[in-house]
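K.L.:
This is the structure I have questions about; it appears just below.
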Amino acid sequence: MDYASILARYIGRDVYVSTFGHVRLRGELAAVYEDCVRLINASTSQESEDSPWSSSVSDFGEDGPHADGSEALVHFHHIVAIRCADDDLMDVPVLPEFHADLPVPIVESEIASAPESSQEPWDAFLEVDRLTLELGQKLVKLAHPESTDIMQRTSAIRCHLADSMGIVIPRLRLRDSLDLGDQEYRILIDQYEVARGRLGPGQYLALDMGTSSGTLQGVRGTDPTFGGPGIWITSDQQQEAEQLGYLVIDPSMLVITHLQETLRRQAHEILTLGDVREMLERLRDRSPGEFDEVRSSPMTVSLLHAVLRRLLEEGESIKNFSRIVEILALHGHRNQEIESLVAMVRVRLGRQLVQRYIDTDGKVHAIGIDRDLEAPLLQMTDEDAGRHVRGWMERLVEVLREAFQRLDDQQRPVAVIVSSDLRNRLWQILSPHFPQISVLGLAEIPRGTEIYWQMIVSPEEVGALETAVKRNPHPAVAKDTTYRPSKSKISEHMAEELPPRRPR
């Protein structure tokens with residue numbers, strides 16, 4: 001039996017509802033929806049930790065439980081316990097027309113003896129919450145049923161990520177956790193932690209954006225999302241901080257911002273085969289002819305899912321779903337290699353990929369890799385990456401880190417642009433060090449787009465040639481550093497898309 005069916009037995013009766021934050025509501029249960037209940041003639045009171053249910057009526061004042069005549073919507077996730085005020089509850093039949101797919105919160109013993117359902121008792125434990133936000137005890141107030149702030153912002157996140165990344169974020173489950181510190185929170189995907197944060201004293205974070213004009217009293221800390229320095233203050237200091245030129249972020253926004261960035265970076269973990277099937281259903285509704293073309297191709301849903309996951313993992317949007325499917329349907333019958341298919345899709349999405357790096361003059365700002373350095377990278381095996389070239393690879397990471405920092409200070413977004421054959425390998429090397437890095441292939445740059453090279457990393461800067469000499473004592477081999485592009489399937493395909501370009 002689902003939770004909505006149990007609560008449907010209370011319709012038309014007075015109930016007591018206990019929620020997170022020790023707030024108790026009493027009112028007449030007017031309706032049960034898919035994920036919440038509606039109370040009419042509702043009143044609230046504050047309950048203490050040791051307040052018994054027997055004292056419920058006395059908390060609502062002399063005018064009785066219908067004093068203010070207001071209505072309240074209470075989400076299932078906010079309900080800790082619920083009790084009907086009528087003693088003859090068990091004579092009320094269960095109404096079968098209400099259904100919900102949400103897990104059952106803790107309910108009072110009166111509900112526990114409801115008629116048995118055909119569902120096995122362990123079935124509920126086999127369900128996995130796709131997306132969960134757990135809050136420490138002092139942050140539970142952010143999910144208070146009378147405060148819709150965090151829920152509204154969560155809805156805004158879902159709209160934003162649908163627009164920017166092309167994915168539908170699953171419903172968020174909010175709950176408290178005794179495993180966390182009082183000021184901590186964590187984000188879970190499929191019930192596994194992917195991010196964690198902690199708010200400082202006062203829970204409001206004041207950030208100096210370079211416009212502050214005075215000293216602010218508080219505790220120094222860091223932004224839980226981006227790691228920037230800030231000052232933890234109380235809500236009473238917010239006006240003072242803003243007058244001094246600080247940007248003040250409230251607790252809900254801090255948590256929601258961290259949630260949004262985490263979902264954007266982990267979007268590939270969220271996308272499921274079921275999501276891809278729904279995307280195909282939407283394509284069929286919007287463009288039946290295009291869908292029929294896809295259905296007649298040998299492309300499978302699992303193959304499409306793998307390509308979409310890879311694009312999301314590299315931080316690219318899959319909103320242009322129809323174009324992605326078009327390329328896969330065209331080439332999928334000849335090639336089933338994920339890397340090759342992703343490369344073909346990226347060429348088709350070239351204008352989308354470079355858009356964020358184009359300045360007002362139409363130039364793409366980039367960091368390049370010298371061809372003499374590309375050669376050893378292309379020839380490098382997994383064994384080489386782990387043993388022989390670790391030194392100059394670490395130096396390459398440091399050189400790029402310094403370059404990104406310098407350009408970031410200039411507020412200039414840049415991409416790393418290399419040959420198409422090297423693009424995938426270089427992204428795999430650099431992404432653990434730079435989670436938001438974008439590595440583009442030359443074939444992905446639209447024709448007629450000029451590249452402005454901010455810098456070219458040479459072998460001498462990272463010591464790559466010295467390593468090659470040590471590993472190849474034979475003079476003829478050691479001196480041969482001429483760049484010779486490999487003849488892979490990707491390079492053969494890219495040669496048709498765009499002629500090779502040398503950095504200027």
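Reminder that position 306 of the sequence shown reads as 306 in full-length UniProt numbering, one-by-one numbering, no gaps. The C-beta atom is built at its ideal place from N, Cα and C for all residues, glycine as well. Here the structure is a predicted model, which is why all the values come from computation and not from measurement.
Would you kindly work out how many angstroms separate the C-alpha atoms of L308 and V294, rounded to a whole number?
P.N.:
One-based indexing of the sequence shown puts residue 308 at position 308. One-based indexing of the sequence shown puts residue 294 at position 294. The straight-line gap from Cα to Cα measures roughly 15 Å.
K.L.:
Nearest-angstrom Cα distance between R277 and V301?
P.N.:
As a position in the sequence shown, residue 277 is number 277, starting the count at 1. As a position in the sequence shown, residue 301 is number 301, starting the count at 1. Rounded to the nearest angstrom, the two C-alpha atoms are 7 Å apart.
K.L.:
May I have a chain-ordered list of the alpha helix (DSSP H) segments no shorter than 4 residues that lie completely inside the region 347-380?
P.N.:
For the region 347-380, whole alpha helix (DSSP H) runs of length 4 or above, ordered along the chain, are 350-354, 371-379.
K.L.:
For A112, which residues of its own chain have a beta-carbon under 6 Å away from its beta-carbon, when the five flanking residues on both sides are left out?
P.N.:
Position 112 of the sequence shown, counted from the start, is the residue given in the question as residue 112. Interpretation of A112 is limited by its pLDDT of 40, a score under 50 that renders its predicted location unreliable; no figure is taken from the coordinates.
K.L.:
Ordered along the chain, which non-local residues of its own chain (more than five positions away) have a Cβ less than 6 Å from that of E444?
P.N.:
Walking along the sequence shown from the start, residue 444 turns up at place 444. Excluding sequence neighbours, E444 sits near R346, V347, G350, L353.
K.L.:
Does the beta carbon of A403 fall short of 7 Å from some heavy atom of the ligand FAD?
P.N.:
In the structure on display, the ligand FAD does not appear, and there are no ligands present to speak of.
K.L.:
What would DSSP say about I445, mapped onto helix, strand or coil?
P.N.:
One-based indexing of the sequence shown puts residue 445 at position 445. The answer is coil: DSSP assigns I445 none of H, G, I, E or B.
K.L.:
When you compare the CB positions of A42 and A81, do they come within less than 8 Å of one another, or not?
P.N.:
Mapped onto the sequence shown, residue 42 falls at position 42. Mapped onto the sequence shown, residue 81 falls at position 81. No, they are not a contact pair.
K.L.:
Just the C-alpha distance for R38 and Q183, rounded to the nearest angstrom, thanks.
P.N.:
Locating residue 38 in the sequence shown gives position 38, counting from the first residue. Locating residue 183 in the sequence shown gives position 183, counting from the first residue. Computed Cα separation, rounded: 31 Å.
K.L.:
Alpha carbon to alpha carbon, how far is R24 from I11? Give it in angstroms, no decimals.
P.N.:
Numbered from its first residue, the sequence shown carries residue 11 at position 11. Numbered from its first residue, the sequence shown carries residue 24 at position 24. Roughly 18 Å separates the two Cα atoms.
K.L.:
Apply the 10 Å Cβ neighbour rule to F125 and answer buried if 16 or more other Cβ atoms are within range, or exposed otherwise.
P.N.:
Start at 1 with the first residue of the sequence shown, and residue 125 comes out as number 125. Answer is exposed; the Cβ neighbour count stays below 16.
K.L.:
Kindly indicate the opening and closing residues of the beta strand (DSSP E) around M455.
P.N.:
Here residue 455 refers to the residue found at position 455 when the sequence shown is read from its first residue. Start and end: 450-457.
K.L.:
Could you tell me the alpha carbon to alpha carbon distance between D179 and R186, rounded to whole angstroms?
P.N.:
Position 179 of the sequence shown, counted from the first residue, corresponds to residue 179. Position 186 of the sequence shown, counted from the first residue, corresponds to residue 186. Cα to Cα, D179 sits roughly 10 Å from R186.
K.L.:
Work out the CA separation of L430 and M393 for me, nearest whole Å.
P.N.:
As a first step, residue 393 must be located in the sequence shown, where it is residue number 393. As a first step, residue 430 must be located in the sequence shown, where it is residue number 430. Rounded to whole angstroms, M393 to L430 spans 10 Å at the Cα level.
K.L.:
Residues in its own chain within less than 8 Å of I456 by CB, not counting five upstream and five downstream?
P.N.:
The count along the sequence shown starts at 1 and reaches residue 456 at position 456. Only I367, G368, I369, D370, P503 meet the Cβ criterion.
K.L.:
If Y357 and P288 are in contact, beta carbons under 8 Å, what's the gap, nearest whole angstrom?
P.N.:
In the sequence shown, counting from the first residue as 1, residue 357 sits at position 357. In the sequence shown, counting from the first residue as 1, residue 288 sits at position 288. Their Cβ separation, rounded to whole angstroms, is 37 Å, which puts Y357 and P288 out of contact at 8 Å.
K.L.:
Who are I40's beta bridge partners in DSSP?
P.N.:
For the purposes of this step, residue 40 is taken as residue 40 along the sequence shown, with counting starting at 1. The partner list for I40 (beta bridge, DSSP) reads E28.
K.L.:
Taking Cβ to Cβ, would you say H365 is nearer than 8 Å to D372?
P.N.:
As a working note, residue 365 is residue 365 in the sequence shown. As a working note, residue 372 is residue 372 in the sequence shown. Taking 8 Å as the Cβ cut-off, H365 and D372 do not qualify as a contacting pair.
K.L.:
So the candidates are E313, F291, L199; which of them puts its Cα closest to the Cα of F434?
P.N.:
For the purposes of this step, residue 434 is taken as residue 434 along the sequence shown, with counting starting at 1. Checked all of E313, F291, L199; the closest Cα to F434 is E313.
K.L.:
What are the residues that DSSP puts in a beta bridge with R83?
P.N.:
In the sequence shown, counting from the first residue as 1, residue 83 sits at position 83. Per DSSP, Y16.
K.L.:
Quick one: residues in its chain with C-beta nearer than 6 Å to the C-beta of S18, no 5 flanking neighbours on either side, listed in chain order?
P.N.:
In the sequence shown, counting from the first residue as 1, residue 18 sits at position 18. So the qualifying residues of the chain are R24, V80, A81.
K.L.:
My output table needs one value for V194: the three-state DSSP class, helix, strand or coil.
P.N.:
On the sequence shown, residue 194 is found 194 positions in, with the first residue counted as 1. Three-state result, V194: strand.
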